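Novice:
Residue numbers (the numbering used here): 77 to 294.
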């Protein structure tokens, strides 16, 4: 069989219009016990994902668990990106068992679902496994998730990957949605988010622009 390369993006790649983002339980109480990565990194990466989704107008769901009675407010890094959006507060650990969540997923009508949140081994793996079983393509943003230990996070990721989930990171998510620096309409917002949340990569963008007016792809 002869194969031929064509300049066409693969079907597994994410675009702003082909997926629903579900941000789960990025809340104070849930973060206190998350030790698989630091709180600063977790908040930064969650903000990067939220700002990316808002900027690219991705179909998004933000959900919390027992916000007023136990788990506390959702990170400001997340809510600031979705100021006019209702946060769906649940009692279920598996958000996929809350009919409001699945009803919203069905309204958006996207086959691909991207998850991020706390904790990886419960509130991410449960809906990810449920969505996979129902035929959705599932992605998990690993560094915008956290768990009580590195072991718990890694075993949860392994379990989801074995079931068919695709892992990616927060910066990958941003760059995959942009994907071409010639897309001028979203160039400034992409580099702006990267400068704020992209760590050393963001510093490099700031340096290049300040020192010699450089820009990627131009």
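Even for Gly, the Cβ is constructed at its ideal location relative to N, Cα and C.
Quick caveat: nothing in here was measured; it's all calculated off a predicted structure.
Going by CA-CA distance only, name the one from 215, 175, 178, 207 that's closest to residue 192.
Specialist: Residue 192 sits at position 116 when you count from the first residue of the chain shown. Answer by Cα proximity: 215.
Novice: DSSP on residue 144, reduced to helix/strand/coil?
Specialist: Start at 1 with the first residue of the chain shown, and residue 144 comes out as number 68. Here residue 144 sits in helix by DSSP.
Novice: Mind checking which residues open and close the beta strand (DSSP E) that includes residue 95?
Specialist: Residue numbering aside, residue 95 sits at position 19 when the chain shown is read from its first letter. Here the beta strand (DSSP E) through residue 95 covers 95-100.
Novice: If the criterion is Cβ atoms closer than 7 Å, does the pair residue 261 and residue 204 meet it?
Specialist: Your numbering for residue 261 matches position 185 in the chain shown. Your numbering for residue 204 matches position 128 in the chain shown. It is not a contact, given that the beta carbons lie outside the stated cut-off.
Novice: How should residue 185 be labelled, buried or exposed, when 16 other C-beta atoms within 10 angstroms of its C-beta is the threshold for buried?
Specialist: Position 109 of the chain shown, counted from the first residue, corresponds to residue 185. Residue 185 should be labelled exposed.
Novice: Using a threshold of 7 Å, state whether the C-beta atoms of residue 138 and residue 158 are closer than that.
Specialist: Counting from 1 along the chain shown, the entry for residue 138 is found at position 62. Counting from 1 along the chain shown, the entry for residue 158 is found at position 82. Yes, these two residues count as a Cβ contact at 7 Å.
Novice: Hey, quick one: how far does the beta strand (DSSP E) through residue 192 stretch, first residue to last?
Specialist: The count along the chain shown starts at 1 and reaches residue 192 at position 116. Run containing residue 192: 188-193, per the beta strand (DSSP E) assignment.
Novice: Going by the CB atoms, is the gap between residue 96 and residue 181 shorter than 7 Å?
Specialist: As a working mapping, residue 181 is identified with position 105 in the chain shown. As a working mapping, residue 96 is identified with position 20 in the chain shown. Yes.
Novice: By a C-beta neighbour count over all protein chains shown, 10 Å radius and 16 as the cutoff for buried, is residue 121 buried or exposed?
Specialist: Working through the chain shown from its first residue, we reach residue 121 at position 45. By the neighbour-count rule (16 or more Cβ atoms within 10 Å), residue 121 is buried.
Novice: Are the CB atoms of residue 229 and residue 124 nearer to each other than 7 Å?
Specialist: Start at 1 with the first residue of the chain shown, and residue 229 comes out as number 153. Start at 1 with the first residue of the chain shown, and residue 124 comes out as number 48. No, these two residues do not count as a Cβ contact at 7 Å.
Novice: When you compare only the Cα positions, how much space is there between residue 79 and residue 86?
Specialist: If you number the chain shown from 1, residue 79 lands on position 3. If you number the chain shown from 1, residue 86 lands on position 10. Distance between the alpha carbons of residue 79 and residue 86 is about 15 Å.
Novice: Let me check one thing: in DSSP terms, what residues is residue 198 bridge-paired to?
Specialist: The residue you call residue 198 lines up with position 122 of the chain shown. Its beta-bridge partners do not exist; DSSP assigns none.
Novice: Expressed to the nearest angstrom, what Euclidean distance is found between the alpha-carbon atoms of residue 224 and residue 195?
Specialist: Position 148 of the chain shown, counting from 1, holds the residue named residue 224. Position 119 of the chain shown, counting from 1, holds the residue named residue 195. For residue 224 and residue 195, the distance between alpha carbons rounds to 7 Å.
Novice: Please classify residue 150: does DSSP put it in a helix, a strand, or coil?
Specialist: As a first step, residue 150 is located in the chain shown; it is residue number 74 there, counting from the start. Residue 150 falls in the strand class under three-state DSSP.
Novice: Beta-carbon separation of residue 92 and residue 134 under 7 Å?
Specialist: In the chain shown, residue 92 corresponds to position 16, counting from 1. In the chain shown, residue 134 corresponds to position 58, counting from 1. Yes, the pair counts as a contact, with Cβ atoms nearer than the cut-off.
Novice: Pop quiz: residue 174 and residue 166 are said to be a contact at Cβ under 8 Å. What is the actual Cβ separation, rounded to whole angstroms?
Specialist: Counting from one through the chain shown, the residue named residue 174 turns up at place 98. Counting from one through the chain shown, the residue named residue 166 turns up at place 90. About 5 Å; that satisfies the 8 Å criterion.
Novice: So, helix, strand or coil for residue 203, using DSSP?
Specialist: Here the question's residue 203 lines up with position 127 in the chain shown. Helix.
Novice: In three-state DSSP terms, what is residue 281?
Specialist: Along the chain shown, read from residue 1 onward, the residue named residue 281 stands at position 205. Helix.
Novice: Assuming residue 187 and residue 212 are in contact, meaning their beta carbons sit under 8 Å apart, how far apart are those beta carbons, in whole angstroms?
Specialist: Position 111 of the chain shown, counted from the start, is the residue given in the question as residue 187. Position 136 of the chain shown, counted from the start, is the residue given in the question as residue 212. Yes, residue 187 and residue 212 are in contact; Cβ-Cβ is about 6 Å, under 8 Å.
Novice: List in chain order: all unbroken alpha helix (DSSP H) runs of 4+ residues lying wholly within the stretch 208-286.
Specialist: Runs of the alpha helix (DSSP H) inside the stretch 208-286: 226-239, 246-254, 260-273.
Novice: Within 10 angstroms of the Cβ of residue 256, are there 16 or more other Cβ atoms? Answer buried if so, exposed if not.
Specialist: Counting from one through the chain shown, the residue named residue 256 turns up at place 180. Exposed, since its Cβ has fewer than 16 Cβ neighbours within 10 Å.
Novice: Between which residues of its own chain and residue 127 is the CB-CB distance below 6 Å, once the five residues before and five after are set aside?
Specialist: Position 51 of the chain shown, counted from the start, is the residue given in the question as residue 127. Hits under 6 Å: 157, 269.
Novice: List the endpoints of the continuous alpha helix (DSSP H) containing residue 177.
Specialist: Translated into positions along the chain shown, residue 177 becomes position 101. Residues 175-184.
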